[in-house]
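Since the structure comes first, as structure tokens, the remarks are kept for the end.
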Amino acid sequence: MSDHNIQNDALTDLLVKQVTEGLSAEEQTILSSIDPAIVAARRNSLECMMGALSAALVGRLETPPATLRAGIEQQALKHFERLTPHTRLGAHSSTENSKIIRPTSTQWAWLSAAACFVLAVVGWIRPPRVLVPPAPVTVQLNVPAVKVTQPEVPSSVPRTLPQQRDTLLARGDSLKVNLTTSKDPAGIGVSADVVWDPATNSGFLHIVGLKPNDPKIKQYQAWVFDGLRDQRYPLDCALFDVLTDAAEVVIPIQTAIPVRQTKAFAITVEQAGGVVVPDKVHVVALGSAG
Amino acid sequence: MNRDNSVLQRIAGGDQSAVRECIEIFGPLVWGMARRMSRTPADAEDATQEIFIEIWRSASRFSAALGTDRVFIATIARRRLIDRLRGKSSQRSTVSLETLDFLPEHEVSGAAESSYDVEQASRALNQLQSSHRVVLELALVEGLSHSEIAARLHLPLGTVKSYIRRGLVRVRELINISVVQVGARSDE
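Going line by line, the protein sequences match chains A and B.
For the first sequence, the positions run 4 to 293 when the numbering used here is used.
For the second sequence, the positions run 791 to 978 when the numbering used here is used.
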């Protein structure tokens with residue numbers, strides 16, 4: 004191996020450590036001894052790649068709470084107000100960074116209304132975006148039947164999740180898997196099944212009798228095992244809450260990456276926000292695809 | 791994404807309607823990342839606001855030559871979230887957001903240019919070994935340190951470091967291959 008390659012490897016090691024974990028003072032000194040232009044170029048490229056990976060991996064996408072959206076909008080408006088003919092949006096201002104905007108109660112109404120209006124208009128007219136990765140969905144259930152707000156669609160298209168599940172089930176190419184509950188307390192009295200579309204890596208989890216959870220402490224997470232991948236690492240396909248004693252719920256599920264050989268499904272109880280790898284301590288139900 | 795119609799470039803140009811569009815389009819991404827990398831929902835809300843402030847400030851540094859709007863925003867979000875996770879509890883040297891310039895690599899180093907998008911990254915992830923993908927996911931999505939990943943997966947620290955490095959190098963290779971293939975097709 005040439006000196007050039009060895010130096011490249013060492014630089015790669017340092018940069019990977021810097022962007023994933025941070026460097027010690029000694030490592031920082033070593034990095035400082037390398038041509039700053041080369042370091043900056045390599046690091047920026049690496050950072051962009053990791054940004055792309057992060058966006059691909061984040062999986063489930065949720066709309067931010069209305070109050071948060073309103074706060075962000077208000078912050079943006081303030082940012083614009085500060086602009087003068089001599090400053091641009093890209094310029095730094097000294098006061099914004101430490102000041103998180105929390106609108107007063109009197110401002111919530113119109114801010115929320117504005118946000119909702121923008122949401123409605125943008126949601127209505129915007130075509131599907133090409134680059135959005137497949138995203139598992141978090142559904143907060145506070146009524147026995149899942150209710151999802153969707154744009155107007157032709158009446159022939161099923162609109163509720165149970166209807167969509169029934170339609171998928173009726174198709175010849177879908178897969179139905181009954182889950183068996185475990186001895187975990189969360190699984191007592193529960194019955195569940197999955198209807199899965201292997202072509203789209205998506206489907207519906209149908210559960211009866213699952214107990215409500217406190218989303219600030221723990222959440223339910225659904226997993227699919229791919230027979231062609233390492234079985235220690237099932238793929239996350241949904242993070243969801245049951246907020247009331249709902250007799251029966253239907254949860255849309257989807258993986259961020261393709262399932263090449265559907266082997267099994269599982270429901271676990273995990274920390275709030277979900278996890279990348281299930282700890283297998285609280286397995287509510289598990290079912291083999293055959 | 792149509793790069794001629796970049797939301798970030800419109801923001802940098804002072805288009806206020808692009809700001810709202812940016813919140814609508816990328817709010818779920820930023821919020822999703824913040825939720826995964828924050829300890830509490832309140833932390834996630836504060837982080838999301840900080841990230842958007844940074845986006846408004848940094849929009850003029852965006853260059854479509856190195857990635858899409860989504861990649862730029864995810865990069866800013868990840869950096870901010872990592873800083874929040876580690877900033878107060880660690881003395882380790884991290885990179886300042888102000889040093890992050892989205893200039894094409896060839897402009898400073900003469901190296902081959904790589905332009906990143908989320909679809910490419912997703913395809914590359916799909917081709918990684920499960921162990922490499924999971925380790926990257928824990929580092930990037932949960933913001934765990936190498937030692938925290940080692941503890942979580944019951945792996946030696948050296949193995950975790952190796953998986954992260956090999957995983958990133960492999961992703962880069964796969965994306966570069968993808969770019970070359972697309973380029974070759976467009977030349978036909």
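A virtual CB, placed ideally from N, CA and C, is assigned to each residue, including glycine.
A straight line joining the alpha-carbon of residue 836/B with that of residue 177/A spans about 42 Å. If the five residues before and after residue 799/B are omitted, its C-beta is found closer than 7 Å to the C-beta atoms of 852, all from its own chain and listed in chain order. DSSP places residue 218/A in the coil class of the three-state scheme, outside both helix and strand. Excluding sequence positions up to five before and after residue 211/A, its CB lies within less than 6 Å of the CB of 194 and 251, all in the same chain and listed in chain order. In the DSSP annotation of this structure, residue 238/A is not part of any alpha helix (DSSP H); the continuous beta strand (DSSP E) holding it starts and ends at 238 to 245. Interface with chain B (8 Å Cβ-Cβ cutoff): residue 57/A is included. Within the stretch 920 to 942 of chain B, the residues whose Cβ lies closer than 8 Å to some Cβ of chain A are 920, 921, 923, 924, 926, 927, 928, 929, 930, 931, 932, 935, 936 and 942, listed in chain order.
The beta carbon of residue 947/B lies closer than 7 Å to those of 936, 937 and 940 in the same chain, with the five residues before and after it left out. Close to residue 227/A, with beta-carbon spacing below 9 Å, lies no residue of chain B; the smallest spacing is near 13 Å.
Within the same chain, 26 and 30 come within 8 Å of residue 20/A by CB-CB distance, once the 5 residues on both sides are set aside. The beta carbon of residue 50/A sits closer than 7 Å to the beta carbons of 22 from its chain, once the five residues preceding and following it are set aside; these are given in chain order.
In this structure, the CA atom of residue 290/A is about 6 Å from the CA atom of residue 180/A. Within the same chain, Cβ atoms closer than 6 Å to the Cβ of residue 828/B are found at 834 and 837, the five residues on either side in sequence being excluded. Annotation: the continuous alpha helix (DSSP H) that includes residue 820/B extends over 806 to 827.
Close to residue 955/B, with beta-carbon spacing below 8 Å, are these residues of chain A in chain order: 15, 16 and 19.
A buried status is given to residue 912/B, since no fewer than 16 other beta-carbon atoms sit within 10 Å of its beta-carbon. Taking 8 Å as the cut-off, the beta carbon of residue 954/B is found closer than this to the beta carbon of residue 925/B. Nearest in C-alpha terms to residue 811/B, of all of 75/A, 65/A and 48/A, is 75/A. Closest option to residue 264/A, judged by alpha-carbon separation, among 204/A, 84/A, 72/A and 39/A: 204/A.
Residue range 908 to 917 is occupied by the alpha helix (DSSP H) that includes residue 908/B, with no beta strand (DSSP E) assigned at that position. Neighbours of residue 82/A in chain B, taken as residues at a C-beta separation under 7 Å, are given in chain order as 846. Residue pairing from DSSP places residue 226/A in a beta bridge opposite 239/A and 269/A. By the Cβ criterion, the stretch 258 to 277 of chain A is not in contact with the stretch 161 to 176 of chain A, since fewer than three pairs of Cβ atoms, one from each stretch, lie closer than 8 Å. The secondary-structure analysis by DSSP pairs residue 182/A across a beta bridge with 195/A. By the neighbour-count criterion, in which 16 or more other beta carbons inside 10 Å mark a residue as buried, residue 967/B falls on the exposed side. Residue state for residue 256/A is assigned as strand, using DSSP reduced to three classes.
A distance below 7 Å between beta-carbons, with the five flanking residues on each side excluded, links residue 215/A to the following residues of its chain, in chain order: 245, 246, 247 and 248.
Legend: CB atoms of the stretch 269 to 283 of chain A lying less than 9 Å from CB atoms of chain B belong to residues 275, 276, 277, 278, 279, 280 and 282. When only Cα atoms are considered, residue 965/B and residue 856/B end up about 12 Å apart.
Nearest CB-CB separation between residue 838/B and chain A: below the 8 Å threshold.
Rounded to whole angstroms, the separation of the alpha carbons of residue 174/A and residue 869/B is 45 Å.
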